[in-house]
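Colleague: Just passing along the structure, written as structure tokens.
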Amino acid sequence: MNDFLDGGVHGAVDLDGSGRSAGAASAAAAGGTDGARHARQRPGTTRTEAARDVDVLVVGAGQAGLSSAYHLRRTGLEPGRGFVVLDHAPRPGGAWQFRWPTLTYGVVHGMHSLPGMELADADPTRPSSEVIAEYFDAYERAFDLPVLRPVDVHAVREGDDGRLLVETPAGNWATRALVNATGTWERPFWPRYPGQQTFRGRQLHTARYRGPEEFAGLRVIVVGGGASGTQHLMEIAPYAAATTWVTRRPPVFREGPFDENRGREAVALVDERVRQGLPPLSVVSVTGLPSTDAIRRARAEGVLDRLPMFDRITPDGVEWSDGRRVDADVILWATGFRAAIDHLAPLRLREAGGGIRLDGTRVVADPRVHLVGYGPSASTIGANRAGRAAVRDIRRLLAGEPVAA
Ligand SMILES: Cc1cc2nc3c(=O)[nH]c(=O)nc-3n(C[C@H](O)[C@H](O)[C@H](O)COP(=O)(O)OP(=O)(O)OC[C@H]3O[C@@H](n4cnc5c(N)ncnc54)[C@H](O)[C@@H]3O)c2cc1C
1 MNDFLDGGVH
11 GAVDLDGSGR
21 SAGAASAAAA
31 GGTDGARHAR
41 QRPGTTRTEA
51 ARDVDVLVVG
61 AGQAGLSSAY
71 HLRRTGLEPG
81 RGFVVLDHAP
91 RPGGAWQFRW
101 PTLTYGVVHG
111 MHSLPGMELA
121 DADPTRPSSE
131 VIAEYFDAYE
141 RAFDLPVLRP
151 VDVHAVREGD
161 DGRLLVETPA
171 GNWATRALVN
181 ATGTWERPFW
191 PRYPGQQTFR
201 GRQLHTARYR
211 GPEEFAGLRV
221 IVVGGGASGT
231 QHLMEIAPYA
241 AATTWVTRRP
251 PVFREGPFDE
261 NRGREAVALV
271 DERVRQGLPP
281 LSVVSVTGLP
291 STDAIRRARA
301 EGVLDRLPMF
311 DRITPDGVEW
321 SDGRRVDADV
331 ILWATGFRAA
341 IDHLAPLRLR
351 EAGGGIRLDG
361 TRVVADPRVH
371 LVGYGPSAST
381 IGANRAGRAA
391 VRDIRRLLAG
401 EPVAA
């Protein structure tokens, strides 16, 4: 199978093959019990939409959405009429539920618990997809968070009476404020190179990686200098006939601990960009790669000997302009992800620089909208903090107080 040719390139990926709208009816039924339903006629339309009023709507029930929901609940908003969380995944777990089984809990680094409930004593040999899905499930129950799933938010647009209209196949909501916490997993970024369509082998993105066994005996090129790329190489090398690593820039291996100061510096760099309305940088471009024992070993064994980006893809592999070539059966694109925010397009939040300008988590162009888990808060600890900050700001908005700092 060639994911590049089958269309899973830039659009949302149906990661579990289930189709997201399958459970819309059940979600509609669940959602129908919350909040008031009334008919609304939007200007310029002839349709009468039924929309449920809610004060705050959270899109996404990953780390960022659950952290926000926790703080909304703590500040006294009632589930249902006060706030609701919509998520189009079939189960609790955010994007973690879709990550590959060999990404065990011991392999992920710096995973922070959600506020108010520690994830303690998790077995490091179990897949993160299971550990974190179970934890999120328990968390939603413990705090009685109103997560409706699977509900796919198709679009958020201007509604009536100063509200935002949130459109889903399970019906619409009219909300006073929106926390967008939709992560990046569903927007795999797949760069284009000349000849890409001609490759006779298989191309896949990290989003479809399921572990190393399927690459046994194959020649694999891994593209990308981030944590996923290095993890894929270290896993695949013992199985594959050959591995080749190519990255755009020489990787920077970070010695020493990634302490709070370094974390703060990295966040400040990304924060500065989104304050200017530029697209956020990739995490690794500001943090570098950790030098763990496994990484040091892989470097010593030559598994992490990196080549610069090739210039073109051929039917049999890749080529550089200096005549060098590497034949391959598989190209694995570990080239990262972008923010999954297409549903916000009707609000026209993007700046000329291509990003969404934020002040903290608040969208400068529309103070009703907060992006949590975006840019500087795209980490588990960042999502925790951003959820709290967004809720503080939204409470001011709901109370009619000035929100700009
Ligand atoms: C391979 C990998 C490993 C990582 N490891 C770490 C780590 O060790 N430590 C760390 O801090 N960070 C790590 N990260 C980053 C990590 O993913 C984030 O820190 C955090 O988990 C993201 O949480 P989130 O809530 O922003 O997004 P997600 O977990 O992606 O949650 C988004 C949710 O939104 C839902 N959604 C999306 N679009 C819609 C829509 N239109 N309608 C309805 N629902 C929607 C999805 O179903 C999903 O449940 C890793 C990332 C990757 C890719």
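In terms of UniProt numbering, the sequence shown opens at residue 1 and continues consecutively. Note that CB positions come from ideal geometry on N, CA and C, so glycine has one too.
Where L307 and V222 are concerned, what is the direct C-alpha to C-alpha distance, given to the nearest angstrom?
Modeller: For the purposes of this step, residue 307 is taken as the residue at position 307 of the sequence shown. For the purposes of this step, residue 222 is taken as the residue at position 222 of the sequence shown. Answer to the nearest angstrom: the Cα atoms are 10 angstroms apart.
Colleague: Taking only three categories from DSSP, how would you classify Q196?
Modeller: As a working mapping, residue 196 is identified with position 196 in the sequence shown. Helix.
Colleague: For Y193, which option in G60, I313, A352 and Y105 has the closest C-alpha, if you only look at C-alpha atoms?
Modeller: Stepping through the sequence shown from its first residue, residue 193 is reached at position 193. For Y193, the nearest C-alpha among the options comes from I313.
Colleague: Can you tell me whether W185 sits near ligand 1, meaning its C-beta is under 6 angstroms from at least one heavy atom of the ligand?
Modeller: Here residue 185 refers to the residue found at position 185 of the sequence shown. The answer is yes for W185.
Colleague: Can you give the Cα-Cα distance for S395 and F136, rounded to whole angstroms?
Modeller: On the sequence shown, residue 395 is found 395 positions in, with the first residue counted as 1. On the sequence shown, residue 136 is found 136 positions in, with the first residue counted as 1. According to the sequence displayed, residue 395 carries Arg and not Ser. The alpha-carbon atoms of R395 and F136 are separated by roughly 25 angstroms.
Colleague: For a test of the three-state rule: what should DSSP assign to H112, helix, strand or coil?
Modeller: Your numbering for residue 112 matches position 112 in the sequence shown. Note: H112 maps to coil in three-state DSSP.
Colleague: Exposed or buried, N261, counting other C-beta atoms within 10 Å across all chains shown (16 or more means buried)?
Modeller: Here residue 261 refers to the residue found at position 261 when the sequence shown is read from its first residue. Its Cβ having fewer than 16 others within 10 Å, N261 is exposed.
Colleague: Out of curiosity, what's the CA-to-CA distance linking A266 and V403?
Modeller: Here residue 266 is taken as the residue at index 266 of the sequence shown, counted from 1. Here residue 403 is taken as the residue at index 403 of the sequence shown, counted from 1. Looking at the two C-alpha atoms, the distance is approximately 26 angstroms.
Colleague: Between L165 and A340, which are expected to be in contact by the criterion C-beta below 8 angstroms, what is the C-beta distance as a whole number of angstroms?
Modeller: Position 165 of the sequence shown, counted from the start, is the residue given in the question as residue 165. Position 340 of the sequence shown, counted from the start, is the residue given in the question as residue 340. Actually they do not touch by this definition, with Cβ atoms about 20 angstroms apart.
Colleague: In terms of residues, what are the limits of the alpha helix (DSSP H) holding R297?
Modeller: As a first step, residue 297 is located in the sequence shown; it is residue number 297 there, counting from the start. Where R297 is concerned, the enclosing alpha helix (DSSP H) stretches over D293 to A300.
Colleague: So, are the CB atoms of S291 and E235 less than 7 angstroms apart?
Modeller: To locate residue 291, count along the sequence shown from 1; it is residue 291. To locate residue 235, count along the sequence shown from 1; it is residue 235. For S291 and E235, no; Cβs fall outside 7 angstroms.
Colleague: CA-CA distance, A389 and H370?
Modeller: Within the sequence shown, the letter at position 389 stands for residue 389. Within the sequence shown, the letter at position 370 stands for residue 370. Their Cα atoms are separated by approximately 10 angstroms.
Colleague: G183 and G94 look like a contact to me (Cβ under 8 angstroms); what is the Cβ gap, rounded to whole Å?
Modeller: Position 183 of the sequence shown, counting from 1, holds the residue named residue 183. Position 94 of the sequence shown, counting from 1, holds the residue named residue 94. Rounded, the Cβ-Cβ distance is 7 angstroms, consistent with contact.
Colleague: Give the straight-line distance between the Cα atoms of D34 and G65, rounded to the nearest whole angstrom.
Modeller: Counting from one through the sequence shown, the residue named residue 34 turns up at place 34. Counting from one through the sequence shown, the residue named residue 65 turns up at place 65. Because the pLDDT at D34 is just 38, under 50, the model does not fix this residue reliably, and the value given afterwards should be weighed accordingly. Those two C-alpha atoms are separated by around 19 angstroms.
Colleague: Are at least three pairs of beta-carbons, each pair with one atom in the stretch 135-154 and one in the stretch 165-178, less than 8 angstroms apart?
Modeller: At 8 angstroms Cβ cutoff, the stretches touch.
Colleague: So what's P346 in DSSP terms, helix, strand or just coil?
Modeller: Within the sequence shown, the letter at position 346 stands for residue 346. Three-state DSSP puts P346 in a helix.
Colleague: How would you write the range of the alpha helix (DSSP H) that F136 sits in, first residue to last?
Modeller: By 1-based counting over the sequence shown, the position of residue 136 is 136. S128 to A142 is the extent of the alpha helix (DSSP H) around F136.
Colleague: Taking 6 angstroms as the cut-off, does the CB of D87 come closer than this to any heavy atom belonging to ligand 1?
Modeller: In the sequence shown, residue 87 corresponds to position 87, counting from 1. Yes - ligand 1 has a heavy atom lying nearer than 6 angstroms to the Cβ of D87.
Colleague: Using 8 angstroms as the cut-off, can you tell me whether the stretch 340-352 makes contact with the stretch 360-380, which would need three or more C-beta pairs spanning the two stretches below that distance?
Modeller: Taking 8 angstroms as the limit for Cβ pairs, the verdict is that the stretch 360-380 does touch the stretch 340-352.
Colleague: Considering only DSSP beta bridges, list what D329 is partnered with.
Modeller: Indexing the sequence shown from 1 puts residue 329 at position 329. The partner list for D329 (beta bridge, DSSP) is empty, contrary to what the question assumes.
Colleague: The alpha helix (DSSP H) with A266 in it runs from where to where?
Modeller: Within the sequence shown, residue 266 is the residue found at index 266, counting from 1. That run of the alpha helix (DSSP H) goes E260 to R275.
Colleague: Return the residue from the list G400, E213, T198 and P191 that minimises the CA-CA distance to H205.
Modeller: The residue labelled residue 205 in the question sits at position 205 within the sequence shown. Among G400, E213, T198 and P191, the Cα nearest to that of H205 belongs to P191.
Colleague: Between the alpha carbons of L278 and R385, how many angstroms are there, rounded?
Modeller: Locating residue 278 in the sequence shown gives position 278, counting from the first residue. Locating residue 385 in the sequence shown gives position 385, counting from the first residue. Roughly 22 angstroms between the two C-alpha positions.
Colleague: Would you say the beta carbon of H205 is closer than 6 angstroms to some non-hydrogen atom of ligand 1?
Modeller: Here the question's residue 205 lines up with position 205 in the sequence shown. Checking the Cβ of H205 against ligand 1 gives no.
Colleague: Quick check: the Cα distance between R42 and G159, rounded to an integer number of angstroms?
Modeller: Residue numbering aside, residue 42 sits at position 42 when the sequence shown is read from its first letter. Residue numbering aside, residue 159 sits at position 159 when the sequence shown is read from its first letter. The predicted position of R42 is uncertain, since its pLDDT is 48 and thus under 50; no value can be drawn from it.
Colleague: Bridge partners for Q231 per DSSP, in chain order?
Modeller: Stepping through the sequence shown from its first residue, residue 231 is reached at position 231. Its beta-bridge partners do not exist; DSSP assigns none.
Colleague: Any heavy atom of ligand 1 closer than 6 angstroms to the CB of M234?
Modeller: Here residue 234 corresponds to residue number 234 of the sequence shown, with the count starting at 1. Answer for M234: no, Cβ out of range of ligand 1.
Colleague: Compute the minimum distance between the beta carbon of residue 432 and the heavy atoms of ligand 1, and state whether it is under 6 angstroms.
Modeller: Nothing can be reported for residue 432: it is not among the residues displayed for the chain, which extend from 1 to 405.
Colleague: Going by the beta-carbon positions, is the gap between S67 and V58 smaller than 7 angstroms?
Modeller: Taking the first residue of the sequence shown as position 1, residue 67 is located at position 67. Taking the first residue of the sequence shown as position 1, residue 58 is located at position 58. Cβ atoms of S67 and V58: not closer than 7 angstroms.
Colleague: Which residues mark the beginning and the end of the beta strand (DSSP E) in which G317 is found?
Modeller: Here residue 317 is taken as the residue at index 317 of the sequence shown, counted from 1. First-last of the beta strand (DSSP E) with G317: G317 to E319.
Colleague: Taking 6 angstroms as the cut-off, is the C-beta of T175 nearer than that to any heavy atom in ligand 1?
Modeller: Residue mapping note: residue 175 aligns to position 175 of the sequence shown, counting from 1. No, Cβ of T175 sits at least 6 angstroms from all heavy atoms of ligand 1.
Colleague: Contact check, G229 vs A334 under 8 angstroms by CB: the rounded distance?
Modeller: Counted from its first residue, the sequence shown places residue 229 at position 229. Counted from its first residue, the sequence shown places residue 334 at position 334. So it is a contact: roughly 4 angstroms between Cβ atoms.
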